[in-house]
Amino acid sequence: MKLPTQLSRMGFLLAGGQSSRMGADKAFLEFQGRTLLERALAVIGHVCPSVAIVGDPVRFSNYGSVVEDVYSGCGPLAGIHAALVRSSAEWNLMLAVDMPFVSEDLLSCLFSAAEESGAVVTVPRTGNGFQPLCAVYRREFAGAADRALRAGKYKIDAVFAGLAIRIIEEGELKKAGFSERNFFNVNTPEDRHRAEDSF
44 MKLPTQLSRM GFLLAGGQSS RMGADKAFLE FQGRTLLERA LAVIGHVCPS VAIVGDPVRF
104 SNYGSVVEDV YSGCGPLAGI HAALVRSSAE WNLMLAVDMP FVSEDLLSCL FSAAEESGAV
164 VTVPRTGNGF QPLCAVYRRE FAGAADRALR AGKYKIDAVF AGLAIRIIEE GELKKAGFSE
224 RNFFNVNTPE DRHRAEDSF
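Each residue of the sequence shown is one higher than the last, beginning at 44 in the working numbering.
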């Protein structure tokens, strides 16, 4: 699949998970009148001139550009790697499909911090740790990801070691009006009910 060229920003929606804990395909799960996929595409589309889905081309054939993993079955790091090796943009936003409380303002904040710092990765860190599935990556991260995947190491934040990382700490997030809630993942039916109750 050929992606647009000469972009400074691009967005990738990570939708390659198995959704085993949910018992159904999370991407097509209804939430407040829209699927999680539709919600995520709408939000990311407001801040990125071009968007692609990282996942199965058959499942997502009706939703625009789709990128397949180079290393299949290796988790989200493989999705990030696949996106970056196919992207021509310098700044690449990665967003998991199952985060319904991510806002346009939050994504714009991440891009601004990334472009200001020039870091290889710009990633929020909350009380639950790094949030690498809502972060901005420069293309050069693909090389580090490739080395980790070849070595059988799939933990994303372990790849951060030795790279120029811009961490947006929880206090900085709070000052900008964001909270842990923005990074909430819908992984189980219980998570879905909690999210709907707090919407």
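Here a beta-carbon is modelled for each residue, glycine too, at the ideal position from N, C-alpha and C.
{"Item": "For the alpha helix (DSSP H) that residue 210 lies in, which residues bound it at each end?", "Value": "Segment 208 to 212 is the beta strand (DSSP E) holding residue 210; no alpha helix (DSSP H) there."}
{"Item": "Return the Cβ separation of residue 121 and residue 192 in integer angstroms, given the expectation that the two are a contact with Cβ distance under 8 Å.", "Value": "6 Å"}
{"Item": "Is residue 157 buried or exposed, if buried means 16 or more other CB atoms sit within 10 Å of its CB?", "Value": "buried"}
{"Item": "In the DSSP assignment, find the unbroken beta strand (DSSP E) run with residue 154 in it and report its ends.", "Value": "Unbroken run through residue 154 is the alpha helix (DSSP H), 147 to 160; no beta strand (DSSP E)."}
{"Item": "Please report the straight-line C-alpha distance between residue 225 and residue 146, rounded to a whole angstrom.", "Value": "7 Å"}
{"Item": "Between residue 162 and residue 151, what straight-line distance do the alpha-carbon atoms span, to the nearest angstrom?", "Value": "16 Å"}
{"Item": "Label residue 64 either buried or exposed according to how many other C-beta atoms from any shown protein chain fall within 10 Å of its C-beta, with 16 as the threshold for buried.", "Value": "Here the model assigns residue 64 a pLDDT of 49, short of 50, so the residue's position is not dependable, and the following value carries that caveat. Under this definition residue 64 is an exposed residue."}
{"Item": "Helix, strand or coil for residue 125 per DSSP?", "Value": "helix"}
{"Item": "Can you grab the Cα-Cα spacing for the pair residue 118 / residue 223, in whole Å?", "Value": "23 Å"}
{"Item": "Pick from 73, 89, 184, 110: whose alpha carbon is nearest that of residue 99?", "Value": "110"}
{"Item": "By DSSP, does residue 86 sit in helix, in strand, or in coil?", "Value": "helix"}
{"Item": "Quick one: grab the DSSP three-state call for residue 202.", "Value": "helix"}
{"Item": "Taking the alpha helix (DSSP H) that residue 139 belongs to, which residues open and close that run?", "Value": "That residue, residue 139, is in no alpha helix (DSSP H); its beta strand (DSSP E) goes 134 to 139."}
{"Item": "I'd like the list of long-range same chain contacts for residue 144, defined as Cβ closer than 6 Å, with 5 residues on each side in sequence excluded.", "Value": "224, 225, 227"}
{"Item": "Have a look at residue 31 and residue 206 and give me their C-alpha separation to the nearest angstrom.", "Value": "A query on residue 31 cannot be resolved here, the shown segment of the chain reaching from 44 to 242 and no further."}
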